[in-house]
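**Q** Starting off with a structure, shown below.
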Amino acid sequence: MAKQQLSIDDKVKLVKNIYNQALTDIDQIKKERDKKINGLLKTIDAKHIAKATKDIKDLQ
Amino acid sequence: MDTENKVKESPLEKAKRLKAEKESRDQAQVEAESQKQAEAAAKAEKLGALNTQKQGLENQLNEINSKVETSRREAHETRDIMKEAGLNKDEEFKGEYDTTISEVAGNLNELRNERNRIKAELEQINSNIENFEVNEVIAEGKEATQVAVETVKQENEQAIAQVENYSGAEVEEIKAAEGVVAETNQEVNQVVENSEASVGKIVNLKDFLSNKKEELKTMVVEKEKNEQNVKTVRNESNEKFQQIVESKTNLMKELASERDVYEGKKLYYSLKNDLGGMKKTIGEDLERKFMLNKLSDEVNQEYKKMQEDVNAASKQEVFKNISQSRLHITDVGGEAGGLRGENHEQFIKTHIDEDYQPEGQIKIRQEAIKEGIGNQWFYKKFGKTNINNPLDLANDIIKNREYKHTDLEYYNSAIDSEDRNRFIWADDKVYGPDRKLQGMAMAALESNDVETAAKVLAMAQAIKEPTARVSEQIANTISKMDESKQKAFIQLFEAENEKQKKEQPEAGNGDEKKMTGGD
Numbered sequence: 000m001a002k003q004q005l006s007i008d009d010k011v012k013l014v015k016n017i018y019n020q021a022l023t024d025i026d027q028i029k030k031e032r033d034k035k036i037n038g039l040l041k042t043i044d045a046k047h048i049a050k051a052t053k054d055i056k057d058l059q
Numbered sequence: 000m001d002t003e004n005k006v007k008e009s010p011l012e013k014a015k016r017l018k019a020e021k022e023s024r025d026q027a028q029v030e031a032e033s034q035k036q037a038e039a040a041a042k043a044e045k046l047g048a049l050n051t052q053k054q055g056l057e058n059q060l061n062e063i064n065s066k067v068e069t070s071r072r073e074a075h076e077t078r079d080i081m082k083e084a085g086l087n088k089d090e091e092f093k094g095e096y097d098t099t100i101s102e103v104a105g106n107l108n109e110l111r112n113e114r115n116r117i118k119a120e121l122e123q124i125n126s127n128i129e130n131f132e133v134n135e136v137i138a139e140g141k142e143a144t145q146v147a148v149e150t151v152k153q154e155n156e157q158a159i160a161q162v163e164n165y166s167g168a169e170v171e172e173i174k175a176a177e178g179v180v181a182e183t184n185q186e187v188n189q190v191v192e193n194s195e196a197s198v199g200k201i202v203n204l205k206d207f208l209s210n211k212k213e214e215l216k217t218m219v220v221e222k223e224k225n226e227q228n229v230k231t232v233r234n235e236s237n238e239k240f241q242q243i244v245e246s247k248t249n250l251m252k253e254l255a256s257e258r259d260v261y262e263g264k265k266l267y268y269s270l271k272n273d274l275g276g277m278k279k280t281i282g283e284d285l286e287r288k289f290m291l292n293k294l295s296d297e298v299n300q301e302y303k304k305m306q307e308d309v310n311a312a313s314k315q316e317v318f319k320n321i322s323q324s325r326l327h328i329t330d331v332g333g334e335a336g337g338l339r340g341e342n343h344e345q346f347i348k349t350h351i352d353e354d355y356q357p358e359g360q361i362k363i364r365q366e367a368i369k370e371g372i373g374n375q376w377f378y379k380k381f382g383k384t385n386i387n388n389p390l391d392l393a394n395d396i397i398k399n400r401e402y403k404h405t406d407l408e409y410y411n412s413a414i415d416s417e418d419r420n421r422f423i424w425a426d427d428k429v430y431g432p433d434r435k436l437q438g439m440a441m442a443a444l445e446s447n448d449v450e451t452a453a454k455v456l457a458m459a460q461a462i463k464e465p466t467a468r469v470s471e472q473i474a475n476t477i478s479k480m481d482e483s484k485q486k487a488f489i490q491l492f493e494a495e496n497e498k499q500k501k502e503q504p505e506a507g508n509g510d511e512k513k514m515t516g517g518d
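Chains as they are written, first to last, in numbering that gives the first Met the number 0: chain F, 0 to 59; chain C, 0 to 518.
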């Protein structure tokens, strides 16, 4: 019943909070994504280096 | 550089710069204020439009209410008129009555539906006006999140492209990047969805609760329906289970029956197979039996023929023996021999007709002894009725000694041979027992066995005095011996001779003479 008596201002505040939280969550998701992508790139680098090292050893 | 510039900045320049900064700030403030005012104006315009729309809808509602009232009144009036005229009960006008009533009712319903539509629209407009600020914030929030989502999508594409174009990237990493992006999209969409739901709950809390209440009611109804369905399904399942159990029982019975039939068929074919084998075996056995019978017949015939031949030969041999024995009996038996040769021949002939096999011959000889046929070649075989027989005693003495003498060899061969050979020996008419004993004695002398020679020679002399030729032969043999041996022989011979003479009276009765067969 208390929620049914929300004023317009309260509703506005709540809605703003919800969307702000949504934007924050999206931003966090982006950071997690970037972190994973960077991890992948590091993995590629590591493999690439290992392969190059092996090729060099093979050549020697 | 900035520091150097600031240091070098003159007051004039500083004044100009500060002026420019202030003007720029003021301009920004003006623009922001202008933007704010524009936005406020836009909002006011939107709100004004909503109020205008509201006013219009209120006017429409008043108008439609008036129309509805008029239509309702006219419909009632129409119905009352027609009823008062009894048109509704008159068969002729009843159709018209129904058509007219339907028409006015349809018109009234159309107006009422239109009024309801206007009312709903008006309520929505009122709600929009009431929640104008909230809706504005929602619109801004939606736009902001939509921009953020679009940004994420663009960055996702860039991220995949970055991995794809990265030196050394392989399919494995590209797929992993795609997986990361897909996960990101999913999470972002979930955030947007959750935020929209939360906002909806706030804006339409009353409706939300009402909807939830309805949903709960629906769920309760569905639950009750489901419970009822579960009961129904359970009952049906039980019935089906019982049916399945009965079917299974019947099937098991049928299966058992089928199995019995199968086992029966299996047994039948097994027995049939066995029977075939047995038939084959019996056939082979019958064939073998037939061949055996045939062979047996042939063998029997051959055996019978051989038996006849053997019988004929045996008869011939026995008759030959009988003939010889008869001669011998005649020769050695004489009047004192008991049964005469002719009688003996007759006796044997009588028995040979019954059985002429070797066993039969034994029987014959046994019978002959019982009858008193005292031939030495009978009692040798069938019983020593008189151990004082000289030849028999000599046998015991010289047996197993290897003497070299013509007579003795002949005698030994007869001793060691089978009964039939004894029979042959006994048939020898040339030498009587005395002569044979004399031969043995000479053989013993030649072997320097003076003791045996003395005994045997004394036996021979007890039977018959040696002839002059034999005496001379013995004397010659003795003379060839050593002197000591000669003396020993003479002593022993005299002692044995005395001994024989003492026994002579006992051997001199009729029975003795019969058994020894002496002359």
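Backbone N, C-alpha and C fix where the C-beta goes; we use that ideal spot for every residue, glycine too.
(1) If you follow the alpha helix (DSSP H) that residue 458 of chain C is in, where does it begin and where does it stop?
(2) Residue 352 of chain C to residue 304 of chain C, Cα distance in whole Å?
(3) Shorter than 9 Å from the beta carbon of residue 158 of chain C to some beta carbon of chain F?
(4) Of the choices C:468, C:483, C:457, whose alpha-carbon is the least far from that of residue 501 of chain C?
(5) Roughly how many angstroms separate the alpha carbons of residue 36 of chain F and residue 230 of chain C, rounded to a whole number?
(6) Which of helix, strand or coil does DSSP assign to residue 59 of chain F?
(7) Does the count of Cβ pairs from the stretch 132-151 of chain C and the stretch 193-205 of chain C closer than 8 Å reach three?
(8) In angstroms with no decimal places, state the Cα-to-Cα distance between residue 496 of chain C and residue 464 of chain C.
(9) Please confirm whether residue 50 of chain F has its beta-carbon closer than 9 Å to some beta-carbon of chain C.
(10) Determine the chain F residues that contact residue 154 of chain C at a beta-carbon separation under 9 Å, and present them in chain order.
(11) To which residues of the same chain is residue 455 of chain C closer than 6 Å at the C-beta, ignoring the five residues directly before and after it?
(12) Say whether chain C places a C-beta atom closer than 9 Å to the C-beta of residue 55 of chain F.
(13) Residue 69 of chain C by DSSP, collapsed to three states: which one?
(14) Please go through the stretch 247-294 of chain C and give each complete alpha helix (DSSP H) segment of 4 or more residues, from N-terminal end onward.
(15) What runs of the alpha helix (DSSP H), each 4 residues or longer, lie entirely inside the stretch 153-238 of chain C?
(16) Could you check whether the Cβ of residue 176 of chain C sits closer than 9 Å to any Cβ belonging to chain F?
(17) Expressed to the nearest angstrom, what Euclidean distance is found between the alpha-carbon atoms of residue 48 of chain F and residue 169 of chain C?
(18) What number of angstroms, rounded off, separates the C-alpha of residue 107 of chain C from the C-alpha of residue 82 of chain C?
(19) Quick one: is residue 302 of chain C buried, meaning 16 or more other Cβ sit within 10 Å of its Cβ, or exposed?
(20) Should the stretch 116-127 of chain C be called in touch with the stretch 49-65 of chain C, which here means at least 3 C-beta pairs below 8 Å?
(21) Could you name the residues of chain F that residue 194 of chain C contacts, counting a contact when the two beta carbons are closer than 8 Å?
(22) Give a yes or no on contact between the stretch 97-111 of chain C and the stretch 69-81 of chain C, applying the rule of three or more CB pairs nearer than 8 Å.
(23) Which bits of chain C does residue 39 of chain F rub up against, with CB to CB less than 7 Å?
(24) Within 9 Å of any Cβ in chain F, is that where the Cβ of residue 168 of chain C sits?
(25) Mapping DSSP to helix, strand and coil, what is residue 60 of chain C?
(26) Taking the C-alpha atoms as reference points, what is the distance between residue 300 of chain C and residue 272 of chain C?
(27) Compare the C-beta of residue 58 of chain F with all C-beta atoms of chain C and state if any pair is closer than 9 Å.
(28) DSSP on residue 579 of chain C, reduced to helix/strand/coil?
(29) What three-state label does DSSP hand residue 329 of chain C in the structure shown?
(30) Whole-angstrom Cβ separation of residue 11 of chain F and residue 136 of chain C, contact assumed at under 8 Å?
(31) From the DSSP output, in three-state form, read off residue 483 of chain C for me.
(32) Given a cut-off of 9 Å, decide if residue 158 of chain C and residue 175 of chain C are closer than it, judged by their beta-carbon atoms.
(33) Name the chain F residues whose beta carbon is nearer than 9 Å to that of residue 140 of chain C?
(34) From residue 268 of chain C to residue 240 of chain C, what does the alpha carbon distance come to, in whole angstroms?
(35) So, with DSSP's three-state summary, where would you put residue 105 of chain C?
**A** Judging by the given coordinates:
(1) Your numbering for residue 458 of chain C matches position 459 in the second sequence. Note, residue 458 of chain C: alpha helix (DSSP H), 449-462.
(2) In the second sequence, counting from the first residue as 1, residue 352 of chain C sits at position 353. In the second sequence, counting from the first residue as 1, residue 304 of chain C sits at position 305. Bear in mind that a pLDDT of 44 at residue 352 of chain C, under 50, signals an unreliable position, so the model cannot answer this.
(3) To locate residue 158 of chain C, count along the second sequence from 1; it is residue 159. Cβ-Cβ to chain F under 9 Å: yes for residue 158 of chain C.
(4) Counting from one through the second sequence, the residue named residue 501 of chain C turns up at place 502. Per the Cα distances, C:457.
(5) Counting from 1 along the first sequence, the entry for residue 36 of chain F is found at position 37. Counting from 1 along the second sequence, the entry for residue 230 of chain C is found at position 231. Rounded to whole angstroms, residue 36 of chain F to residue 230 of chain C spans 55 Å at the Cα level.
(6) The count along the first sequence starts at 1 and reaches residue 59 of chain F at position 60. Coil at residue 59 of chain F, not helix or strand.
(7) yes
(8) Locating residue 496 of chain C in the second sequence gives position 497, counting from the first residue. Locating residue 464 of chain C in the second sequence gives position 465, counting from the first residue. Whole-angstrom Cα-Cα distance: 12 Å.
(9) Taking the first sequence and counting its residues from 1, one reaches residue 50 of chain F at position 51. For residue 50 of chain F, the answer is yes, since a Cβ of chain C falls inside 9 Å of its Cβ.
(10) The residue labelled residue 154 of chain C in the question sits at position 155 within the second sequence. Those are 29, 32, 33, listed as they occur along chain F.
(11) Counted from its first residue, the second sequence places residue 455 of chain C at position 456. Contacts found: 393, 436, 439, 440.
(12) Counting from 1 along the first sequence, the entry for residue 55 of chain F is found at position 56. By this cut-off, residue 55 of chain F is not an interface position.
(13) For the purposes of this step, residue 69 of chain C is taken as the residue at position 70 of the second sequence. Looking at residue 69 of chain C - three-state DSSP - the assignment turns out to be helix.
(14) none
(15) 170-202
(16) Position 177 of the second sequence, counting from 1, holds the residue named residue 176 of chain C. Yes, because at least one Cβ of chain F sits closer than 9 Å to the Cβ of residue 176 of chain C.
(17) Within the first sequence, the letter at position 49 stands for residue 48 of chain F. Within the second sequence, the letter at position 170 stands for residue 169 of chain C. Those two C-alpha atoms are separated by around 14 Å.
(18) Indexing the second sequence from 1 puts residue 107 of chain C at position 108. Indexing the second sequence from 1 puts residue 82 of chain C at position 83. Each residue's alpha carbon lies about 19 Å from the other.
(19) Position 303 of the second sequence, counting from 1, holds the residue named residue 302 of chain C. When all chains shown are included, residue 302 of chain C counts as exposed.
(20) Result yes; three or more Cβ-Cβ pairs closer than 8 Å.
(21) Mapped onto the second sequence, residue 194 of chain C falls at position 195. Chain F residues near residue 194 of chain C: 17, 18, 20, 21.
(22) yes
(23) One-based indexing of the first sequence puts residue 39 of chain F at position 40. Going along chain C in sequence order, the residues near residue 39 of chain F (Cβ under 7 Å) are 162, 172, 175, 176.
(24) Taking the first residue of the second sequence as position 1, residue 168 of chain C is located at position 169. Answer yes: the Cβ-Cβ gap between residue 168 of chain C and chain F drops below 9 Å somewhere.
(25) Position 61 of the second sequence, counting from 1, holds the residue named residue 60 of chain C. For residue 60 of chain C, the secondary structure class from DSSP, reduced to helix, strand or coil, is helix.
(26) Here residue 300 of chain C is taken as the residue at index 301 of the second sequence, counted from 1. Here residue 272 of chain C is taken as the residue at index 273 of the second sequence, counted from 1. Distance between the alpha carbons of residue 300 of chain C and residue 272 of chain C is about 41 Å.
(27) In the first sequence, residue 58 of chain F corresponds to position 59, counting from 1. Judged by the 9 Å Cβ criterion, residue 58 of chain F is not in contact with chain C.
(28) What is shown of chain C runs 0 to 518, which leaves residue 579 of chain C out entirely.
(29) By 1-based counting over the second sequence, the position of residue 329 of chain C is 330. Because residue 329 of chain C sits at a pLDDT of 34, beneath the cut-off of 50, its placement in the model cannot be relied upon, and the point is left open.
(30) Within the first sequence, numbered from 1, the residue matching residue 11 of chain F stands at position 12. Within the second sequence, numbered from 1, the residue matching residue 136 of chain C stands at position 137. Indeed they touch by this definition, with Cβ atoms about 5 Å apart.
(31) As a working note, residue 483 of chain C is residue 484 in the second sequence. Residue 483 of chain C falls in the helix class under three-state DSSP.
(32) Residue mapping note: residue 175 of chain C aligns to position 176 of the second sequence, counting from 1. Residue mapping note: residue 158 of chain C aligns to position 159 of the second sequence, counting from 1. It is not a contact, given that the beta carbons lie outside the stated cut-off.
(33) Translated into the one-based positions of the second sequence, residue 140 of chain C becomes position 141. Chain F residues near residue 140 of chain C: 14, 15, 17, 18, 19, 21, 22.
(34) Counting from one through the second sequence, the residue named residue 268 of chain C turns up at place 269. Counting from one through the second sequence, the residue named residue 240 of chain C turns up at place 241. If you take the alpha carbons of residue 268 of chain C and residue 240 of chain C, they lie about 40 Å apart.
(35) Position 106 of the second sequence, counted from the start, is the residue given in the question as residue 105 of chain C. Of the three classes helix, strand and coil, the one that applies to residue 105 of chain C here is helix, per DSSP.
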